[in-house]
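J.: Numbering that gives the first Met the number 0 numbers the first residue of the sequence shown as 0 and each following residue consecutively.
Glycine included, each C-beta is placed from N, C-alpha and C at the ideal position.
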Amino acid sequence: MNDIRLRDLAPEQALRRLELTVTRRLDGLLQGDHLGLLPGPGWEPAEGREYVPGDDVRAMDWNLTARMTAPHVRDRVADRELETWVLVDATASMDFGTGRLEKRDLAVFAVAAVGFLTERTGNRLGAHIVHDSETRRVPARTGRPHLLGLLGTLLGAPRGRGGRRDDALGAAAGLLHRTGGGRRGLAVVVSDFLEPVETWERPLRLLGARHQLLAVEVVDPRELALPDVGMLTLVDPETGRRRDVPTSGRRLRERYAAAAAAQRREIAAGLRRAGAARLRLRTDGDWVRDLVQHVLAQRRLAAAAPAPGGAP
Numbered sequence: 000m001n002d003i004r005l006r007d008l009a010p011e012q013a014l015r016r017l018e019l020t021v022t023r024r025l026d027g028l029l030q031g032d033h034l035g036l037l038p039g040p041g042w043e044p045a046e047g048r049e050y051v052p053g054d055d056v057r058a059m060d061w062n063l064t065a066r067m068t069a070p071h072v073r074d075r076v077a078d079r080e081l082e083t084w085v086l087v088d089a090t091a092s093m094d095f096g097t098g099r100l101e102k103r104d105l106a107v108f109a110v111a112a113v114g115f116l117t118e119r120t121g122n123r124l125g126a127h128i129v130h131d132s133e134t135r136r137v138p139a140r141t142g143r144p145h146l147l148g149l150l151g152t153l154l155g156a157p158r159g160r161g162g163r164r165d166d167a168l169g170a171a172a173g174l175l176h177r178t179g180g181g182r183r184g185l186a187v188v189v190s191d192f193l194e195p196v197e198t199w200e201r202p203l204r205l206l207g208a209r210h211q212l213l214a215v216e217v218v219d220p221r222e223l224a225l226p227d228v229g230m231l232t233l234v235d236p237e238t239g240r241r242r243d244v245p246t247s248g249r250r251l252r253e254r255y256a257a258a259a260a261a262q263r264r265e266i267a268a269g270l271r272r273a274g275a276a277r278l279r280l281r282t283d284g285d286w287v288r289d290l291v292q293h294v295l296a297q298r299r300l301a302a303a304a305p306a307p308g309g310a311p
């Protein structure tokens, strides 16, 4: 399935392949409650109790603390229904791929995984799709037909024309923060995060203050290292600028790899400061394996966290 470009298939066939890939390869591996992609507490208020070291300070109940004259937190119980919002980068920089997939196809796989794993229990899914200078909003609804319609919209989205704002992702995250519903839920941002970190870090941090936040970073290997293929013509998908690069020079390739690594470290640090869980998917990798490894790692962290009341 990873070797087939979704846009080479008829729309109905592409959607069927997506559904089969997710349900066959992920179903059973990631069974559990609706927070399986990002383990954590629910968000309905429950009983208050005295703060103990290791409690999340974001759960602090200041009114109760003032009344009791000692720090108190308020536990949460799981919601019966989860509202999930996905913010999908569909700008020109995502129309690139030298591995098994283009980055935009990998973004659709990520949304499909989130959607199929959460829709079966009546959870609602909505989306904001960033395309050039515009953001399209898909209201949150339940059900398989709605999910298939959203995936069809992503598959049919036109290729980026370039000329997007430098802060398109941050602006879309800010819009989602303002319009993404009053209930706390799960927010999944799927992007290559190639815009300047300072343009999206604060909007993501605000988004993460309301929702659990998962950042899916989509990467192509040629964004990390240049191959030795002689003279290579590079085109900036955002501006259309062309540049001939002599890739046979070892020093140039080393400088490129060092700059790319520094850029990815900056992106990772920005996502960490924003409070996002980070999942990296590569166009030349097995996205299902990477997703499963991420979920299992998150579950291990959740299991190792101190129990309420300080119990080991």
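So what does DSSP say about Thr20, is it helix, strand or coil?
T.: Counting from 1 along the sequence shown, the entry for residue 20 is found at position 21. It is helical.
J.: Find out if the Cβ-Cβ distance for the pair Ala106, Val217 is shorter than 8 Å.
T.: In the sequence shown, the residue the question calls residue 106 occupies position 107. In the sequence shown, the residue the question calls residue 217 occupies position 218. Their beta carbons are under 8 Å apart, which means Ala106 touches Val217 by this criterion.
J.: Excluding five sequence neighbours on each side, which residues of the same chain lie with their C-beta closer than 6 Å to the C-beta of Gly229?
T.: On the sequence shown, position 230 is the one that residue 229 refers to. Closer than 6 Å at the Cβ level, and outside the excluded window around Gly229, lie Ser247.
J.: Spatial neighbours of Glu101 within its chain, please: C-beta separation below 8 Å, excluding the five flanking residues on both sides.
T.: By one-based count along the sequence shown, residue 101 stands at place 102. Excluding residues within five positions, the ones whose Cβ falls inside 8 Å are Arg4, Met93, Asp94, Phe95 and Thr282.
J.: Who are Met67's beta bridge partners in DSSP?
T.: Start at 1 with the first residue of the sequence shown, and residue 67 comes out as number 68. Per DSSP, none; premise fails for Met67.
J.: Taking the beta carbon of Val76 as the centre, do at least 16 other beta carbons fall within 10 Å, making it buried, or is it exposed?
T.: Against the sequence shown, residue 76 aligns to sequence position 77. Reliability of the predicted coordinates at Val76 is poor, the pLDDT of 47 falling under 50, and no value is obtained from them.
J.: Could you tell me if Gly142 is buried or exposed, where buried requires 16 or more neighbouring beta carbons within 10 angstroms of its beta carbon?
T.: In the sequence shown, residue 142 corresponds to position 143, counting from 1. By the 10 Å Cβ count, Gly142 comes out exposed.
J.: Can you name the start and end residues of the alpha helix (DSSP H) that His145 belongs to?
T.: Walking along the sequence shown from the start, residue 145 turns up at place 146. Run containing His145: Arg143 to Leu154, per the alpha helix (DSSP H) assignment.
J.: By the three-class DSSP mapping on this structure, what secondary structure does Pro52 have?
T.: As a position in the sequence shown, residue 52 is number 53, starting the count at 1. The answer is coil: DSSP assigns Pro52 none of H, G, I, E or B.
J.: By how many angstroms is the C-alpha of Pro226 removed from the C-alpha of Ile266?
T.: Reading the sequence shown from its first residue, position 267 is the one you call residue 266. Reading the sequence shown from its first residue, position 227 is the one you call residue 226. Answer to the nearest angstrom: the Cα atoms are 23 Å apart.
J.: Which class does Val188 belong to by DSSP, given the choice of helix, strand or coil?
T.: By one-based count along the sequence shown, residue 188 stands at place 189. If DSSP states are grouped into helix, strand and coil, Val188 belongs with the strands.
J.: Can you list, in chain order, the residues of its chain with a C-beta nearer than 8 Å to that of Leu150? Leave out the 5 residues immediately preceding and following it.
T.: Within the sequence shown, numbered from 1, the residue matching residue 150 stands at position 151. Result list for Leu150: Leu14, Leu17, Val107, Val110, Ala111 and Gly114, in chain order.
J.: What are the start and end residues of the alpha helix (DSSP H) that includes His176?
T.: Here the question's residue 176 lines up with position 177 in the sequence shown. His176 -> alpha helix (DSSP H) spans Ala167 to Thr178.
J.: Only counting the same chain, and skipping five residues up and downstream in sequence, which positions put a Cβ closer than 6 Å to that of Leu319?
T.: Not covered by the structure: residue 319. The range shown for the chain is 0 to 311.
J.: Would you check if the segment 54–68 and the segment 166–183 touch, i.e. whether three or more CB-CB distances between them fall below 8 Å?
T.: No, because fewer than three Cβ pairs between the segment 166–183 and the segment 54–68 fall closer than 8 Å, the two stretches do not touch.
J.: Would you call Thr232 buried or exposed, if buried means 16 or more other Cβ atoms sit within 10 Å of its Cβ?
T.: Against the sequence shown, residue 232 aligns to sequence position 233. Label assigned to Thr232: exposed.
J.: Could you give the residue range of the alpha helix (DSSP H) that holds Arg125?
T.: Taking the first residue of the sequence shown as 1, we reach residue 125 at position 126. Inspection of the sequence shows that residue 125 is occupied by Gly rather than by Arg. Run containing Gly125: none in the alpha helix (DSSP H); it sits in the beta strand (DSSP E), Arg123 to His130.
J.: Ignoring anything shorter than 4 residues or poking outside the segment 240–295, list the alpha helix (DSSP H) runs there in chain order.
T.: 249–272, all fully within the segment 240–295.
J.: Among Trp61, Leu81 and Glu82, which has the Cα closest to the Cα of Arg73?
T.: To locate residue 73, count along the sequence shown from 1; it is residue 74. The shortest C-alpha separation from Arg73 is found at Trp61.
J.: May I ask you to report which of helix, strand or coil DSSP gives Pro38?
T.: Residue 38 sits at position 39 when you count from the first residue of the sequence shown. Note that Pro38 has pLDDT 49, beneath the 50 cutoff, so the model's placement of it is unreliable and the number below is only indicative. Note: Pro38 maps to coil in three-state DSSP.
J.: Of all the options Gly184, Ala257, Arg252 and Val137, which has the alpha carbon lying nearest to the alpha carbon of Ala208?
T.: As a working mapping, residue 208 is identified with position 209 in the sequence shown. Looking at the Cα atoms, Gly184 is the closest of the given residues.
J.: Could you have a look at Val228 and say whether DSSP puts it in helix, strand or coil?
T.: On the sequence shown, position 229 is the one that residue 228 refers to. Val228 falls in the coil class under three-state DSSP.
J.: In terms of residue numbering, what span does the alpha helix (DSSP H) encompassing Asp104 cover?
T.: Position 105 of the sequence shown, counting from 1, holds the residue named residue 104. Run containing Asp104: Lys102 to Thr117, per the alpha helix (DSSP H) assignment.
J.: Near Arg160, what residues of its chain come up, given a Cβ to Cβ distance below 6 Å and the 5 sequence neighbours on each side ignored?
T.: As a working note, residue 160 is residue 161 in the sequence shown. Closer than 6 Å at the Cβ level, and outside the excluded window around Arg160, lie Asp131.
J.: Label Val234 either buried or exposed according to how many other C-beta atoms from any shown protein chain fall within 10 Å of its C-beta, with 16 as the threshold for buried.
T.: As a position in the sequence shown, residue 234 is number 235, starting the count at 1. Exposed.
J.: Quick one: is Arg328 buried, meaning 16 or more other Cβ sit within 10 Å of its Cβ, or exposed?
T.: Only positions 0 to 311 of the chain appear in this structure, which leaves residue 328 out of reach.
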